[in-house]
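Chains as they are written, first to last, in the numbering used here: chain A, 29 to 355; chain B, 31 to 281; chain C, 9 to 296.
Note that CB positions come from ideal geometry on N, CA and C, so glycine has one too.
These numbers were taken from a predicted model, which means no experiment stands behind them.
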Amino acid sequence: MTAARQLAERHRFKWWELLPWAAGIAVFFAFPNYLAFGTQLLIAILFALSLDLVLGYAGIVTLGHAAFFGAGAYTVGMLAQHLGWNEPLSGLVAAALVAGAIGLASGYVLLRTHGLTLLMLTLCTMALLEEAANMGAAFTGGFDGMPGLKFAPLLGLFPFDLLFFRSQYLYALLVLLLCFALVRILVYSPFGQSLTGIRENLLRMHAVGAPVRARLVLAYTISAALAGVAGALFAQTNAFVNLGALGLERAAGVLIILILGGYGRLYGAFVGAIVYLLLEHALAKAYPTAWQIGLGVVLMAVALYARNGILGIGDALRRRLGGQRAP
Amino acid sequence: MSATLLETKGLCKSFGALQVAREISFRLDAGARHALIGPNGAGKTTLVNLLTGLLQPSRGSVHLKGEDVTSLAQAKRVKRGIARTFQINQLFRGLTVLENVCIAVAERLGAGGSMLRPAGRRSDVIAEASRLIEMLKLRDVAGRRIGELPYGRQRLVEIAIALGLDPQVLLLDEPAAGIPSAESHILLDAISTLPGEIAVLIIEHDMDLVFRFADRITVMVNGAIFAQGSPAEIAANREVRAVYLGSALDA
Amino acid sequence: MDQLISILLGGLAAGMVLFIVSVGLSVTMGLMGFVNLAHGGFAMLGGYVIVLTMKHWGLPFLPALGLGFAAVAALAVVLERLFYARLYRASELDQVLFTIGLVFVMIASITLAVGPETQTVVLPDWLRGQTDLGFVKYRSYSLAIIVAGSALVVGLWLGFERTRFGARIRAAVDNRRMAESLGTDVGRLFTLTFAFGSGLAAIGGGLGAEILGLDPQYPLRYLVYFLIVVAVGGLGRVTGVFFAALLIGVLDFVLKIYFPKGGTLFIYALTLVLLLWRPQGLFGRRAS
Chain A
29 MTAARQLAER HRFKWWELLP WAAGIAVFFA FPNYLAFGTQ LLIAILFALS
79 LDLVLGYAGI VTLGHAAFFG AGAYTVGMLA QHLGWNEPLS GLVAAALVAG
129 AIGLASGYVL LRTHGLTLLM LTLCTMALLE EAANMGAAFT GGFDGMPGLK
179 FAPLLGLFPF DLLFFRSQYL YALLVLLLCF ALVRILVYSP FGQSLTGIRE
229 NLLRMHAVGA PVRARLVLAY TISAALAGVA GALFAQTNAF VNLGALGLER
279 AAGVLIILIL GGYGRLYGAF VGAIVYLLLE HALAKAYPTA WQIGLGVVLM
329 AVALYARNGI LGIGDALRRR LGGQRAP
Chain B
31 MSATLLETKG LCKSFGALQV AREISFRLDA GARHALIGPN GAGKTTLVNL
81 LTGLLQPSRG SVHLKGEDVT SLAQAKRVKR GIARTFQINQ LFRGLTVLEN
131 VCIAVAERLG AGGSMLRPAG RRSDVIAEAS RLIEMLKLRD VAGRRIGELP
181 YGRQRLVEIA IALGLDPQVL LLDEPAAGIP SAESHILLDA ISTLPGEIAV
231 LIIEHDMDLV FRFADRITVM VNGAIFAQGS PAEIAANREV RAVYLGSALD
281 A
Chain C
9 MDQLISILLG GLAAGMVLFI VSVGLSVTMG LMGFVNLAHG GFAMLGGYVI
59 VLTMKHWGLP FLPALGLGFA AVAALAVVLE RLFYARLYRA SELDQVLFTI
109 GLVFVMIASI TLAVGPETQT VVLPDWLRGQ TDLGFVKYRS YSLAIIVAGS
159 ALVVGLWLGF ERTRFGARIR AAVDNRRMAE SLGTDVGRLF TLTFAFGSGL
209 AAIGGGLGAE ILGLDPQYPL RYLVYFLIVV AVGGLGRVTG VFFAALLIGV
259 LDFVLKIYFP KGGTLFIYAL TLVLLLWRPQ GLFGRRAS
């Protein structure tokens, strides 16, 4: 296959891309008692996917992405609690808009810097939002957050059931599908290519006339909006929001998930979230300290030997076994 | 008298006490085939960096097609028709040759930021990139990642990217360095196919290439222009021989 | 007026602790360009060594500090040779990832070995009580910390500006490749500096156990503060870290008393504004 054909075919659907969604639907029928966990898994995938856009493709290292997750969660929570606006779909849109606006404002200002300064500033922005949420107890419920949020049934027909999470799961699956489709289109577009170019060689991108900062800010904004949608899903499906939606633990968590799965490739978020959350579910509550040590060791090993995560290891194995080059 | 495409007026650049560019007043006309030579450290690459906007001058101005671009950033100058290659390849190492050239062509065609159609469907971009790859005899490696190629072929990709920007002013920083001499004709052939109105400036140490290519030569020493003239004049200039050419021509 | 001076002294003491812990981070980040998010972990480990040897072995205060320094510096040498050295050329992401993993291991190890409770320091007799300065009476311990921190910054400044070793470090911070080509054994320089900086952090962790507290969550709880102090001060600038640490320490202390609600928010906002105005920090040099 010539190089041109290869490039032209890259965005075409491959058959195995249906598998995650088939699996998602299968889980609905096969594990009806685990749909709460499944919903959290879907939300984690979406959050990690949003981070992949800025980190994996554009190369922006941020420890503050939970700022947008939290912004989306609190938007939906505050709308429901204080304005009685509890229709889920419009809540998603509002969350995306608010988180995207914060992303645009902070990205415009922060992306003038890079390296440690940028990392610091992303941390600061998130810490700032966390403090604001803590202080504005009248709006946000402060330290206790907003438990017991009530949401209208989806499309008026499907109520959110906090026992079995049936509607929530399918809702999250659908939202994830739509967002994933969007990210997939972006990644394969010339815009996505230029993000990869910025990550691979910043100087070269300037030297080919690309408006680098504008592209980065745009990617950051879109990513923030998607993270906001993930946060909104979190608040809606769990019917609560608190400071845990913001903060270093959540930001570090999504970073770990993405790296474990493999950043800069669409499905790293899926693999990372599934592996991490399953292991965490099985081990963390039973042996919290051992879990932390094990996680720490795995992270150190990944940083030293397997920086491309699980999918990267899969690629390397495939190359070793003489298969064709990875897509 | 052909149009002046690129001009500098009294361009100066200092890093603290170190002056790397002194009062450089320099002109490139349309159709120019100009070579910039000089000993190492003479400031040739610095001049190109000043021309393209990678460096800001301490004094003086740069004019592109009559417009003062001194305060414009690199990317904006590229959009106004100036392109360069780097002394050390600046490529997208993890991407294929075709993808590398496509990124440059896409930016030139204004498609770089387009989000809706997949890059693979932009047949205009792919066709143009393929044409450049063909011209630089890179077709057999078009699908290979940059990191897998020998340095000489990477150099040709660097040229392809600059050509893909369809510039009116093309600045090549030691383009032949690293290219095996058996293949250096590929480079000259590619340049000869460029439209006549383009101004091309080459920094080179390979005197054979310089005298084959240039119809005008500038010699730089210690950050200043030492001599300018036709190849015959420069070759005959005794001071130039003493300072630089002597060793190169005797070798 | 008395109260104001007391508050100021309290803030200065907190700032000094921040300085003692963070100066090592600033120098190694400036020298090696390495984002070491585990630095707080070294401080914590040192704190535990100091506090526990005093409590269980009856070690006197100053020897305990020395032991904390030595133990953590030794650990730092081992970690640097085995792991950190391999990541100097790696991407920022890899460094962040590695050090997050390392700090997790440190936190969990302490939790396993000692338990999750906050440790209390038993101060030696000669540091307890108050000292009369004439215009105010204040806690002797805090005053001792202020003195120690001041002595440290003077000592470090002299060390950097007046010794050959210090000059080599400054040169390597400014231009590593040039320093290498001039014959500096950069690898050994890195190891020694990293060990020394981590040892200082250990002392800071022990000294500050009273003020900042000491429990397994210490490294993550104060990570942002250490990073703020380093970023605002300017990488590799000892005087910069000093003033930034004092500024943050005093601000935080004062705000906690007068504006308990908005204090931390103000500090984050201030950092944002400062770093946007001067990304290289208050005292840093702008990268060319």
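- For E129/B, the neighbours in chain A by C-beta distance under 8 Å run, in chain order, L35, Q221.
- Pairing I233/B with T75/B gives a Cβ-Cβ distance under 9 Å.
- Taking a Cβ-Cβ cut-off of 7 Å, the neighbours of I108/C in chain A comprise A280, L327, given in sequence order.
- Taking C-beta atoms as the reference points, A244/B and R57/B fail to come closer than 9 Å.
- Ranking A254/B, R242/B, I255/B, N252/B by CA distance to the CA of P261/B puts R242/B first.
- Scanning its chain for C-beta atoms nearer than 8 Å, with the 5 sequence neighbours on each side dropped, one finds around V126/A the residues A99, G100, T103, G256, in chain order.
- In this structure, S55/B lies near T38/B, with their beta-carbon atoms less than 9 Å apart.
- Per the C-alpha coordinates, the member of F27/C, L26/C, G32/C positioned closest to F202/C is G32/C.
- Comparing alpha carbon positions, the residue from R89/B, L84/B, R169/B, G40/B closest to R232/A is L84/B.
- When the beta-carbon positions are compared, V155/B and C132/B come within less than 9 Å of each other.
- Judged by DSSP in its simplified three-state form, H39/A adopts coil rather than helix or strand.
- Bridge pairing for I108/C: absent [DSSP].
- At least one C-beta of chain A is nearer than 9 Å to the C-beta of I115/C.
- DSSP, reduced to helix, strand and coil, places R147/C within a strand of the structure shown.
- I285/A and G257/C have their C-alpha atoms roughly 35 Å apart.
- Taking 9 Å as the cut-off, the beta carbon of S148/C is found no closer than this to the beta carbon of L160/C.
- When DSSP reads this structure, F186/A sits in a beta bridge with L182/A.
- Per the Cβ contact rule, the region 203-218 of chain C is in contact with the region 39-52 of chain C (3 or more Cβ pairs under 8 Å).
- Contact annotation for G225/A against chain B: F122, L125, I133 [CB-CB distance below 8 Å, chain order].
- At a C-beta separation below 8 Å, T317/A has these neighbours in chain C: A116, T119, L120.
- Interface with chain A (9 Å Cβ-Cβ cutoff): L166/B is excluded.
- For S217/A, the three-state secondary structure derived from DSSP is coil.
- In the structure shown, the three-state DSSP call for D59/B is strand.
- Taking G174/C as the centre and dropping the five residues before and after it, the same chain places the C-beta of G167, F168 closer than 7 Å to its C-beta, in chain order.
- Looking from the CA of K145/C, the closest CA among R286/C, L278/C, F274/C, L17/C belongs to L17/C.
- Legend: CB atoms of the region 196-209 of chain B lying less than 7 Å from CB atoms of chain A are not found in any residue.
- For A22/C, the enclosing alpha helix (DSSP H) stretches over residues 10-40.
- Chain A has no Cβ within less than 9 Å of the Cβ of L255/C.
- Going by DSSP, K95/B is part of no alpha helix (DSSP H) at all; its letter is neither H nor E.
- A straight line joining the alpha-carbon of E188/B with that of I176/B spans about 10 Å.
- Positions of the beta strand (DSSP E) runs, each at least 3 residues long and wholly inside the region 122-179 of chain C, are given as 138-140, 145-147 in order along the chain.
- Against chain A, the CB of R138/B has a partner CB under 9 Å away; the residue lies at that interface.
- Contact annotation: L305/A and F65/A have beta-carbon atoms nearer than 9 Å.
- When Cβ pairs closer than 8 Å are counted between the two stretches, the region 234-253 of chain C is seen not to touch the region 110-130 of chain A, the count staying below three.
- With respect to the C-alpha of V203/A, the residue from L83/A, P60/A, I321/A, Q264/A having the closest C-alpha is Q264/A.
- R52/B and A254/B do touch by the CB rule: their CB atoms are close to 4 Å apart, below 8 Å.
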